[in-house]
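And the structure:
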């Protein structure tokens with residue numbers, strides 16, 4: 017009856033990260049942290065989980081002498097996000113809903 021919600025995306029912070037990345041080509045760690053209000057440690061853990069699932073790609077480098085981590089959504093992540101949104105719509109637009 018209801019589509020299963022992707023448990024990886026059902027986390028508020030991971031969903032926020034994906035929502036940011038779905039709208040940009042890429043985003044650096046600092047930008048994502050500022051937009052989500054997450055601590056660096058928690059964000060790092062959640063980004064690792066998304067990367068392990070192949071929902072995002074993470075590249076690490078330097079900007080001058082400062083380390084820079086950049087995230088980009090993958091095609092698999094894009095499909096997972098779309099599927100999650102579609103599943104949520106099914107909950108919201110439940111055909112048996114009485115008005």
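Numbering (my numbering), first residue to last: 17 to 115.
Ideal Cβ placement from N, Cα and C applies to all residues, glycine included.
Within 10 Å of its beta-carbon, does residue i have 16 or more other beta-carbons around it, so buried, or fewer, so exposed?
i	result
residue 108	exposed
residue 95	exposed
residue 34	buried
residue 46	exposed
residue 97	buried
My assumption, with CB atoms under 8 angstroms, is that residue i sits in contact with residue j. Please give the rounded CB distance.
i	j	result
residue 43	residue 87	6 angstroms
residue 37	residue 63	Actually they are not in contact, since the Cβ atoms of residue 37 and residue 63 sit about 10 angstroms apart, beyond 8 angstroms.
residue 69	residue 24	6 angstroms
residue 76	residue 85	5 angstroms
So if DSSP puts residue i in a beta bridge, which residue, or which two residues, is it bridged to?
i	result
residue 20	In the DSSP output, where bridge partners are listed per residue, residue 20 has none listed.
residue 75	86
residue 44	86
For residue i, which option in the options has the closest C-alpha, if you only look at C-alpha atoms?
i	options	result
residue 61	110, 29, 104 and 40	29
residue 27	52, 41 and 19	52
residue 1	99, 54 and 39	No answer is possible for residue 1: the residues shown for the chain start at 17 and end at 115.
Please tell me whether, using a cut-off of 7 angstroms, the distance from the CB of residue i to the nearest non-hydrogen atom of the ligand FAD is below it.
i	result
residue 59	As for the ligand FAD, it is missing from this structure, which has no ligand bound.
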